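Top line first, the protein sequences correspond to chains P and A. For the first sequence, my numbering gives the first residue as 1, with consecutive numbering after it. For the second sequence, my numbering gives the first residue as 1001, with consecutive numbering after it. Note that CB positions come from ideal geometry on N, CA and C, so glycine has one too. Keep in mind the model is a prediction, meaning the values are calculated, not measured.
Protein chains: 2
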Amino acid sequence: MNKNTQAPEDFELESFLPYRLSLLSNTLSEGIAVAYRKPFDLSVTEWRVIAVLGRFPGLTASEIRLRTAMDKVAISRAVKRLQARGLVERSEHREDRRRAHLKLSASRGRNLFRRIVPRALEYENRLLSKLAPEDQHLLLRLVSKLQQAADSLKSPEG
Amino acid sequence: MNKNTQAPEDFELESFLPYRLSLLSNTLSEGIAVAYRKPFDLSVTEWRVIAVLGRFPGLTASEIRLRTAMDKVAISRAVKRLQARGLVERSEHREDRRRAHLKLSASRGRNLFRRIVPRALEYENRLLSKLAPEDQHLLLRLVSKLQQAADSLKSPEG
DNA sequence: TGATTTTAGTTACAAATGTAACTATAAGTA
DNA sequence: TACTTATAGTTACATTTGTAACTAAAATCA
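Structure below.
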């Protein structure tokens, strides 16, 4: 399935799937940065927090973590900064004072969200439009499959 | 091609391609780390330098950069550490004293290379073996296509 | 040839990220 | 209830990574 045989001397990094996906992911990352980092001064983590809260207002930090596989420290930092910028608000949790519900602020936060999402989607669309429609579906299906496969290898005896 | 419409409120990060590829790439990264980071104390960049020099002995740092899209500072640091550990050797460039040819040391360096490559390939194989053979080909083809697409969007008016 | 610009690679500093320890609260248990 | 353990989230520190400035050598050019 790629040029690599089992002979070490023939190993080609360029054909190695983890390397290629890492490259691709970095390229896309740079690409969408144009949608949020440059114009709105947001880090990747901050954008993800905004994206998740835009869709699911009132989540706690832990719930964001469950949804995004981001680190809890990273989330804490992102929320702190977003709050300081008046983009995110926190409110008390009724029966647990350790937690806090988070949501985009009605004006600045949600406004930002509404401006970023179309840009992000536009980038994704421009990208996918370079593939034939059937390839677009295939790609997403295979990415899902591969993610499953990779996850299963993490647990003992995948 | 995914669940995202143009309505911001419906945006689902989980369906957003750049996000999914970033997740996938991170999962694979952790996965192959078992092949080189834990057992041999190598960073991703260090492993890449070793991989490239294993295949193409005598490259200069700039040539490594051209082949791998890694940053020149990152390469410089990786080479420095690998050299200190006796894994990489440098030799003078005949007609340009700014450059240096790099290669794995005959014993320790090449030895390491020969031990890592099978582990890396084994991980890749285990991963790909979870996909049907025709899906394996498809995946690699689509990754290539998408990389091309992403690259073309970087230059003015892709 | 001498002056200027480019290139290879390194060093120094700043910013981002990861890891561990910590605080506060809640839950479990005896 | 008192005591122990677990959880949510933060803070502090170490490590990694990125950016800019720098050094040395080579190439260009007048």
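Pick from the options that is closest to residue i, judged by C-alpha positions
i, options, result
"A:A1069", "P:D135, P:L13 and P:S105", "P:L13"
"A:L1066", "A:V1049, A:D1041, A:L1082 and A:R1108", "A:V1049"
"P:L112", "P:S62, P:Y36, P:L28 and P:P8", "P:Y36"
"P:S144", "A:F1016, A:R1126, A:S1091 and A:P1008", "A:F1016"
"P:F11", "A:V1117, A:L1082 and A:N1125", "A:V1117"
"P:L42", "P:I64, P:P57 and P:L82", "P:L82"
"P:K154", "A:H1101, A:S1152, A:Y1123 and A:A1132", "A:Y1123"
"A:S1105", "A:E1092, A:P1133, A:R1085 and A:H1093", "A:R1085"
"A:S1152", "P:L131, P:E92 and P:R110", "P:L131"
"A:V1044", "A:P1018, A:R1077 and A:G1058", "A:R1077"
"P:N26", "A:P1018, A:L1028 and A:T1027", "A:P1018"
Same chain only: Cβ atoms within 6 Å of residue i, ignoring 5 sequence neighbours per side
i, result
"A:L1138", "none"
"P:I64", "V52 and I75"
"P:W47", "Y36"
For residue j and residue i, the rounded distance between their alpha carbons
i, j, result
"A:E1030", "P:L21", "13 Å"
"P:L53", "P:R115", "14 Å"
"P:R141", "A:R1094", "51 Å"
"A:E1009", "P:P39", "21 Å"
"P:Q136", "A:L1028", "22 Å"
"P:A51", "A:P1057", "46 Å"
"P:V34", "P:S129", "18 Å"
"P:A125", "A:E1134", "It is worth fixing the name first, because residue 125 of chain P is Asn in this sequence and not Ala. Taking the straight line from one Cα to the other gives about 26 Å."
Contact check, residue i vs residue j, beta carbons under 8 Å
i, j, result
"P:E89", "P:K80", "no"
"A:T1060", "A:R1097", "no"
"P:L146", "A:L1121", "no"
"A:L1087", "A:R1108", "yes"
"A:N1007", "P:L127", "The sequence given here places Ala at residue 1007 of chain A; Asn does not occur at that position. The answer is no: Cβ separation not under 8 Å."
Cβ-based neighbour list, residue i, same chain, cut-off 8 Å, excluding 5 preceding and 5 following
i, result
"A:S1062", "K1072 and R1099"
"P:E92", "A100 and H101"
"P:R110", "G54 and L104"
"P:A74", "T45"
Chain-order list of residues whose beta-carbon lies under 7 Å from that of residue i (same chain, five-residue window excluded)
i, result
"P:I32", "A120 and Y123"
"P:G158", "Here the model assigns P:G158 a pLDDT of 46, short of 50, so the residue's position is not dependable and the matter cannot be decided."
"A:M1001", "With a pLDDT of only 48 at A:M1001, under 50, the local geometry of the prediction cannot be trusted, and no value is derived from it."
Any non-hydrogen atom of the ligand ADP closer than 7 Å to residue i Cβ
i, result
"P:W47", "Only the bare structure without any ligand can be found here, which leaves the ligand ADP out of the picture."
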